[in-house]
Amino acid sequence: MNGGTLPGMDDAHGPADSGPDRVVFHVDMDCFYASCERLREPELRGEPLVVGMGYEPGETAGAVATASYEAREFGVESAMPISEALELLPRRAGAGEGTGCEATDDGKEPGTGGTETGRYRPVDLEFYESVASEVKAVLHDCADVVREVSIDEAYLDVTDRTAWDAVDAGNGSDPDGDDGPAPSTAAGPADARTVAEGYARHVKDRIEREAGVPASVGVAPNMSAAKVASDADKPDGLVVVPPGTVASFLAPLPTAALHGVGPVTERTLADIGIETAGDVAEADAETLVAALGDRGRLLSRRARGEDDREVTPRGLPKSLSRESSLPATADEATKRETVATLAADVARRARDRGCLYRTIGIKAVEPPFDVNTRARSLPGPVDDPSLVESVALDLLDEFADARVRKLGVRVSKLDFAAGDQATLGGFAEEDTDGEPTAGGETDRPDGAPTGTRPKGEERERMTLADWAEADVETGLDDAARHDEESEDERPDGQASLGDWSS
DNA sequence: TCTGGGGTCCTAGGACCC
DNA sequence: TCTGGGGTCCTAGGACCC
Numbered sequence: 040m041n042g043g044t045l046p047g048m049d050d051a052h053g054p055a056d057s058g059p060d061r062v063v064f065h066v067d068m069d070c071f072y073a074s075c076e077r078l079r080e081p082e083l084r085g086e087p088l089v090v091g092m093g094y095e096p097g098e099t100a101g102a103v104a105t106a107s108y109e110a111r112e113f114g115v116e117s118a119m120p121i122s123e124a125l126e127l128l129p130r131r132a133g134a135g136e137g138t139g140c141e142a143t144d145d146g147k148e149p150g151t152g153g154t155e156t157g158r159y160r161p162v163d164l165e166f167y168e169s170v171a172s173e174v175k176a177v178l179h180d181c182a183d184v185v186r187e188v189s190i191d192e193a194y195l196d197v198t199d200r201t202a203w204d205a206v207d208a209g210n211g212s213d214p215d216g217d218d219g220p221a222p223s224t225a226a227g228p229a230d231a232r233t234v235a236e237g238y239a240r241h242v243k244d245r246i247e248r249e250a251g252v253p254a255s256v257g258v259a260p261n262m263s264a265a266k267v268a269s270d271a272d273k274p275d276g277l278v279v280v281p282p283g284t285v286a287s288f289l290a291p292l293p294t295a296a297l298h299g300v301g302p303v304t305e306r307t308l309a310d311i312g313i314e315t316a317g318d319v320a321e322a323d324a325e326t327l328v329a330a331l332g333d334r335g336r337l338l339s340r341r342a343r344g345e346d347d348r349e350v351t352p353r354g355l356p357k358s359l360s361r362e363s364s365l366p367a368t369a370d371e372a373t374k375r376e377t378v379a380t381l382a383a384d385v386a387r388r389a390r391d392r393g394c395l396y397r398t399i400g401i402k403a404v405e406p407p408f409d410v411n412t413r414a415r416s417l418p419g420p421v422d423d424p425s426l427v428e429s430v431a432l433d434l435l436d437e438f439a440d441a442r443v444r445k446l447g448v449r450v451s452k453l454d455f456a457a458g459d460q461a462t463l464g465g466f467a468e469e470d471t472d473g474e475p476t477a478g479g480e481t482d483r484p485d486g487a488p489t490g491t492r493p494k495g496e497e498r499e500r501m502t503l504a505d506w507a508e509a510d511v512e513t514g515l516d517d518a519a520r521h522d523e524e525s526e527d528e529r530p531d532g533q534a535s536l537g538d539w540s541s
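This note's numbering applies: residue 40 is where the first sequence begins, and numbers increase by one.
This is the structure we're talking about:
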């Protein structure tokens, strides 16, 4: 940072963040699923492509997971029903295609447009994961700290790998260089090329070369600005927001461009005359708090370019869930069967990941879109598929007469017991060693079998009934320990409020 | 908009404890 | 017994993100 800025050059954000300027990258893969499909099926390149799930030809269910930019040109959006999306796309002239994968249609005449043809491919997560792991390999190679946010997105702290120093390669970096290389894509003072920009380009190029898929990268002194920057010039973008320019970079953007502002918040802000990030930054913080609660304060800081969250690797998951849509039905057998299947699925995933859970819940969505959730906590953490099923079914009873269009099962209050860490990903085969676990016993009040997974040696073979009887003491100890753990993760109260971008 | 699936975090009210 | 304050845990719902 020394030498980077002249004294008094700090604009907008006064002495607030006087710490050393960090260099944060936000890497966001461009329409990742579609890019993956094109990787293994190059014919799809350049064509409007929709990747979705839950769709069978002739059905109306199913939603768009990802649309290629070509498809977006036709108005296709994420989460749109597949059938609707396919309506928007040009038709394949030859129609037919036994696969049912092309956007053909019987009722309409073939697309008049040129050679473009709308395509549909079903989501193939396994394949995307394999591509993603190649991307992550590059990221981890390029940064000391990587926070993987999702399959197609990550933050990198590369402060120790690069710098904000200006690159004055050859002639003075003047905007006059019309004949020179294309101007930096950097928003803000694009004339000031930085070393960080070069490094970001390197990372971006490596991803494309080694994983075969395109990415957009945002470069900024903090996470939230980097996030917005990566979004600012998609696809294939590289936007650099040097220190001191964050607030001015954000100012003209609509509030919805800020991470954490969705349709509801956008609307709420619009109602009080706030349309842009700049408006947010200028607004009285108390006004924002009055409208949005504590999030208002946070939003205010973000809009002013203040965000001192450190980039940290993502921890273990907090919950696991499975849900599925079905044609709206009140039929009890159907509902119970669905929930039982989901329960088994969730329990299996939990076991695969080596985690215990203490809360089991369900979700029942009634038309048009009333989301109901119910949950029940157990006295202690367990790994017990049959218990997941019985509790889930029990909770479902409340909706015995309800018409539902979607059902879900969730486990939470997860516990990745220390002893099982080593076998993460598969202790199922080994840990059920010899011991006829309590699985067969039916000593619980409701007769459900108990298969409590021991957390440590001393808890071997403890059953749920044991838990219930065992003095509150045990439970309290457990609860207390958990509290300490989560406290430790948040050094200050601020962080617990502020960590939206997990 | 007649909304898919998997997550995270926050809030509010009630129960319970001291 | 009409009554204070603080704290935690639990559940349900909501907003948001990809």
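Glycine included, every Cβ here is placed at the ideal spot set by N, Cα and C.
**Q.** Beta-carbon spacing of A324, S339 below 8 Å
**A.** yes
Q) Helix, strand or coil: which one does DSSP assign to P424? A) helix
Q: Mark L359 as exposed unless 16 or more other C-beta atoms lie within 10 angstroms of its C-beta, in which case mark it buried.
A: buried
**Q.** Pairwise C-alpha distance: P291 and Y579
**A.** No information on residue 579 is available, as it lies outside the stretch 40 to 541 that the chain covers here.
Q | K445 versus M119, A118, T373 and P424, residue with shortest Cα-Cα distance | A | T373
Q | Stretch pair the segment 229-244 + the segment 165-175: three plus CB contacts closer than 8 Å | A | no
**Q.** Separation of V256 from E236, as counted between CA atoms
**A.** 10 Å
Q. How about V62 and Y194: do their beta carbons lie closer than 8 Å?
A. no
Q | A382 beta carbon less than 8 Å from that of A441 | A | no
Q: For the segment 416-435 and the segment 361-368, state whether three or more C-beta atom pairs, one from each stretch, are separated by less than 8 Å.
A: no
(Q) Using only CA atoms, which one of D67, R200, K175 and T105 lies nearest to D183? (A) R200
**Q.** Contact the segment 59-73 vs the segment 105-122: 3+ CB pairs below 8 Å
**A.** yes
Q.
Tell me the rounded alpha-carbon separation between Y396 and D454.
A. 6 Å
Q) Buried or exposed: F601, going by 16 or more other Cβ atoms within 10 Å of its Cβ? A) Not covered by the structure: residue 601. The range shown for the chain is 40 to 541.
Q: Report all residues from its chain with a CB closer than 8 Å to the CB of A118; omit the five preceding and five following residues, and keep chain order.
A: A102 and V103
Q. Which runs of the beta strand (DSSP E), 3 residues or longer, sit entirely within the segment 236-265?
A. 254-259
Q) Using 8 Å as the Cβ pair cut-off and three pairs as the minimum, do the segment 295-308 and the segment 272-279 touch? A) no
Q. Out of curiosity, what's the CA-to-CA distance linking D310 and R130?
A. 42 Å
Q: Taking G452 as part of the beta strand (DSSP E), name the residues at either end of that continuous run.
A: The sequence given here has Lys at residue 452, not Gly. Segment: none, K452 is in no beta strand (DSSP E) and carries neither H nor E.
(Q) Using only CA atoms, which one of R343, P282, P356 and R334 lies nearest to T307? (A) R334
Q. Is the CB-CB distance between R388 and L435 below 8 Å?
A. no
Q: Taking D418 as the reference, give the member of I399, V404 and E405 with the closest Cα.
A: As written in the sequence, residue 418 is Pro, which differs from the Asp given in the question. Among I399, V404 and E405, the Cα nearest to that of P418 is on I399.
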